[in-house]
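Okay, structure first, notes after.
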DNA sequence: GTGAAAGCGCTAACAG
DNA sequence: CTGTTAGCGCTTTCAC
């Protein structure tokens, strides 16, 4: 592990000069440049980011914290982040919070100790403890696909209320009147409550009287979808379609329906939410809300780096979603 | 951003003492301990890993490099890695190589500059350039779900040959005689060739004459599965089942079959390979080879840390796979 | 028990 | 154009 000191000695120059050519700072003769380059190649020099970051008080690194979920919807977000980071000369390091986002505070602390210049937190629910830590330590942070109510942490997401309104409304538009809602966590102010509200509003606007029994709460996952259908069946609740709060949840609903020989979409329509790559990979393909994940990565990273580099204040953004029609929905006549 | 210097001053002790209590090294009075603790809390001290790693020449961090794929089979691997890292007091930082594993060398270099103590590379094909870099820079590395032929880089994986033999043999055991193989990249020595070989050997052992037209090569992904089925249909190739080289590929095959109104498994059996969480989430559920991903994470990280801490030589391991029966296969009579 | 001091590898003035 | 020097925040002898 050669250091600039070794190179300086071998090349017969000072370490300052070595540093200059290594960082392409200019201010040296062509001869010196060539010599230093040659020597550092010969000695197999690799720079030490730790030392550099330490003195620079800048790591040129942004940290990403993401949850562990089966449907890797975070991947396109990461791709987006990487794309702009790369371009703007930043590194990105990623950390998983585990399935239950249990270790989120711990991961935030680690990122802070690594002295990342900024943090992107994907789709995790932050509690008081975490936001307090972020604030107290003055960590530049932007949230993706999540937000914290009553805080001014900037976020990039879609409007859950509108998205759920849109897809519910679509079901209504193709003739459905008895519409289930599967999977929402009603304790969750960020995703659960607004999605429920959007769903409900669409019913009301269509003059449909909302029934409590149409709601099967859950935690957005596969199991929530399965349970929902099981309960509808058990209680013989009469619905012609189910709005699920995630693609994964929709897969669960489909799975339970299949286990009961219910044919989709002929006997039951089902919708997802997320528009992960999965939605188009399953058969039948999912009708779902497509979130612009890649774009979310782009935006969040751009905002963050603008803040880091130029001190710009990050602005929250609501991105456009789109309705992706698949084969799990069918019009209802009569 | 308080430093130990600040704490030292505020507590009226030396920085050496602060360092001692912060690291629980002992050798101080209870009074000093309490005082330093109190002051550092008050000043909201957070340690600077960069500085610490720099002087220690040890980052207590292991780097993980993984590809970006739609079916997040890497997640359970990461979970396994995190579990043992956590326990053994190591941090882990992750980096994605992008879909085509295009940036793998770049990522390896970055990890090296970050001075990680060791590296776990998941499921990526390493070329001469990368292995040379790893060797030259003496980076402790272990591979997961991949390997490099003719090198002594240690790896943790399953035996692709045996696994493919097993699943092909299963199809034979339930009566199939005309068996397609979809998705293998035959240029790929690590996964493509052995899987093909295992498939072929199972046929031979059963006295089935292998037909060239049964093979539809590809690149392990969804599209490869779709194309395979399209080709079988176009050329009217008579098979009763298809062995796919990945779950994702199987999804593609199913998708194309569905588009042609072929009923699975009644008219066509299909198998996957990987046993991702997806396999059980789709309907019908996939018959597939289940790789012990979590265990792979555990083993690789254990080996690596044993090497880092105790200089143990890492040993390659072939882990057991299992056959996971789903609903995409059906026995063939007559 | 505690402190002084010497760096880890590097950058960034400041001189020349 | 190039070198000297003073640190970045921390750990770690070695004295006291």
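Chains as they are written, first to last, in the working numbering: chain A, 109 to 442; chain B, 109 to 442. Every residue, glycine too, gets a C-beta built ideally from N, C-alpha and C. Predicted model only: the values in this text are computed from it and were never measured.
**Asked** Out of curiosity, what's the CA-to-CA distance linking residue 181(A) and residue 260(B)?
**Response** If you take the alpha carbons of residue 181(A) and residue 260(B), they lie about 35 Å apart.
**Request:** Just the C-alpha distance for residue 374(B) and residue 281(A), rounded to the nearest angstrom, thanks.
**Result:** Using only the alpha carbons, I get a separation of about 35 Å.
**Those runs of the alpha helix (DSSP H) which lie wholly inside the region 157-187 of chain B and span at least 4 residues** = Secondary structure within the region 157-187 of chain B: the alpha helix (DSSP H) runs of 4 or more consecutive residues, fully enclosed, are 157-164 (chain order).
**Message:** Excluding the 5 residues flanking residue 287(B) on each side, which residues of the same chain have their C-beta closer than 8 Å to its C-beta?
**Reply:** Residues of the same chain with a CB within less than 8 Å of the CB of residue 287(B), apart from the 5 flanking positions on each side, are 276, 279, 280, 307, 311, 316, 322, 347, 348, 349, 350 and 351 in chain order.
**Prompt:** Of all the residues that make up the region 222-247 of chain A, which are near chain B by a beta-carbon distance shorter than 7 Å?
**Reply:** Within the region 222-247 of chain A, the qualifying residues are 222, 223, 244 and 245.
**Request:** State the start and end residues of the unbroken beta strand (DSSP E) segment that holds residue 432(A).
**Result:** Boundaries of the beta strand (DSSP E) harbouring residue 432(A): 430-432, taken from the DSSP string.
**Request:** Provide the residue(s) that pair with residue 290(A) in DSSP beta bridges, ordered along the chain.
**Result:** 324(A) and 352(A), per the DSSP bridge assignment.
**Message:** With distance defined between alpha-carbon atoms, name the residue in 241(A), 343(A) and 273(A) nearest to residue 152(B).
**Reply:** The option with the nearest alpha carbon to residue 152(B) is 241(A).
**Asked** For chain A, is any of its Cβ atoms less than 9 Å away from the one on residue 341(B)?
**Response** Under the Cβ distance rule, residue 341(B) does not count among the residues neighbouring chain A, no pair being separated by less than 9 Å.
**Message:** Contact between the region 225-234 of chain B and the region 244-251 of chain B is defined here as three or more beta-carbon pairs at a separation below 8 Å; is this criterion met?
**Reply:** These segments touch.
**Asked** Could you check where the alpha helix (DSSP H) with residue 154(A) kicks off and where it finishes?
**Response** Taken as a continuous stretch (DSSP letters only), residue 154(A) belongs to no alpha helix (DSSP H), as it is neither H nor E.
**Request:** Run the CB neighbour count on residue 236(B), radius 10 Å, all protein chains shown included, and call it buried at 16 or more, exposed below.
**Result:** A residue is called buried once 16 or more other Cβ atoms fall within 10 Å of its Cβ, and residue 236(B), having fewer, is exposed.
**Item:** Per-residue contacts from residue 359(B) into chain A (C-beta, under 9 Å)
**Value:** Those within 9 Å of residue 359(B) in chain A are 386, 389, 390 and 391.
**Asked** Apart from the five residues on each side of it in sequence, which residues of its chain come closer than 6 Å, Cβ to Cβ, to residue 337(A)?
**Response** The answer, listed in chain order, is 361, 364 and 365.
**Message:** My output table needs one value for residue 192(A): the three-state DSSP class, helix, strand or coil.
**Reply:** Three-state DSSP puts residue 192(A) in a helix.
**Item:** Within chain B, partners of residue 187(A) - CB distance below 8 Å
**Value:** Chain B residues near residue 187(A): 176, 204, 206 and 207.
**Request:** Assuming residue 150(B) contacts residue 406(B) (C-beta within less than 8 Å), just tell me the rounded distance between them.
**Result:** In fact, because the Cβ distance is near 40 Å, the residues do not count as touching under 8 Å.
**Request:** Could you tell me which residues DSSP pairs with residue 270(B) in its beta bridges?
**Result:** Note: residue 270(B) is not bridge-paired with any residue in the DSSP secondary-structure output.
**Asked** Counting Cβ pairs, one atom from each stretch, are 3 or more of them under 8 Å apart for the region 386-398 of chain A and the region 417-435 of chain B?
**Response** Result no; under three Cβ-Cβ pairs closer than 8 Å.
**Prompt:** Rounded to the nearest angstrom, how far is the Cβ of residue 185(A) from that of residue 389(A), given a contact under 8 Å?
**Reply:** Taking 8 Å as the upper bound for CB-CB distance, residue 185(A) and residue 389(A) are not in contact here, some 18 Å apart.
**Item:** Unbroken alpha helix (DSSP H) run spanning residue 129(B), endpoints
**Value:** Note, residue 129(B): alpha helix (DSSP H), 123-130.
**Message:** Beta-carbon within less than 6 Å of residue 329(B)'s beta-carbon, same chain only, minus the 5 sequence neighbours each way: which residues are those?
**Reply:** The beta carbon of residue 329(B) is closer than 6 Å to those of 356 in its chain, skipping five residues each way along the sequence.
**Prompt:** Roughly how many angstroms lie between the CA atoms of residue 177(B) and residue 147(B), to the nearest whole one?
**Reply:** Those two C-alpha atoms are separated by around 47 Å.
**Request:** Starting from the N-terminal side, write out each stretch of the alpha helix (DSSP H) that is 4 residues or longer and does not extend beyond the region 334-396 of chain B.
**Result:** DSSP assignment within the region 334-396 of chain B yields the following whole alpha helix (DSSP H) runs of 4 residues or more, N-terminal first: 355-367 and 386-389.
**Request:** Please name the residue or residues paired with residue 199(A) in a DSSP beta bridge.
**Result:** DSSP links residue 199(A) through a beta bridge to 169(A).
**Request:** Give, in chain order, every residue of the region 316-346 of chain A whose Cβ lies closer than 8 Å to some Cβ of chain B.
**Result:** Within the region 316-346 of chain A, the qualifying residues are 330.
**Asked** residue 139(B) bridges to which residues according to DSSP?
**Response** Per DSSP, residue 139(B) has no beta bridge partner at all.
**Request:** Give every residue of the same chain whose Cβ lies closer than 8 Å to the Cβ of residue 368(A), excluding the five residues on either side of it in the sequence, and list them in chain order.
**Result:** Listed in chain order, the non-local C-beta contacts of residue 368(A) below 8 Å within the same chain comprise 337 and 341, local neighbours out to five positions each way being set aside.
**Item:** Residue(s) in a DSSP beta bridge with residue 425(A)
**Value:** Residue 425(A) pairs with 264(A).
**Request:** Please list the residues of the region 151-168 of chain A that have a C-beta atom closer than 8 Å to any C-beta atom in chain B, keeping them in chain order.
**Result:** Within the region 151-168 of chain A, the residues whose Cβ lies closer than 8 Å to some Cβ of chain B are 152, 154, 155, 156, 157, 158, 159, 161, 162 and 167, listed in chain order.
**Item:** Best match in 325(A), 116(A) and 167(A) for proximity to residue 198(A) [C-alpha to C-alpha]
**Value:** Of the candidates 325(A), 116(A) and 167(A), the one whose C-alpha sits nearest the C-alpha of residue 198(A) is 167(A).
**Prompt:** Leaving out five residues before and five after residue 324(B) in sequence, what residues of the same chain have Cβ atoms less than 6 Å from its Cβ?
**Reply:** The answer, listed in chain order, is 290, 336 and 339.
**Message:** What does the alpha-carbon distance come out to for the pair residue 203(A) and residue 285(B)?
**Reply:** Taking the straight line joining both Cα atoms gives about 47 Å.
**Beta-carbon proximity of residue 142(B) to residue 253(B), cut-off 9 Å** = No, they are not a contact pair.
**Prompt:** Are the C-beta of residue 192(A) and some C-beta of chain B separated by less than 9 Å?
**Reply:** No, residue 192(A) does not count as interfacial toward chain B.
**Proximity test, Cβ basis, 9 Å: residue 179(B) and chain A** = At a cut-off of 9 Å between beta-carbon atoms, residue 179(B) makes contact with chain A.
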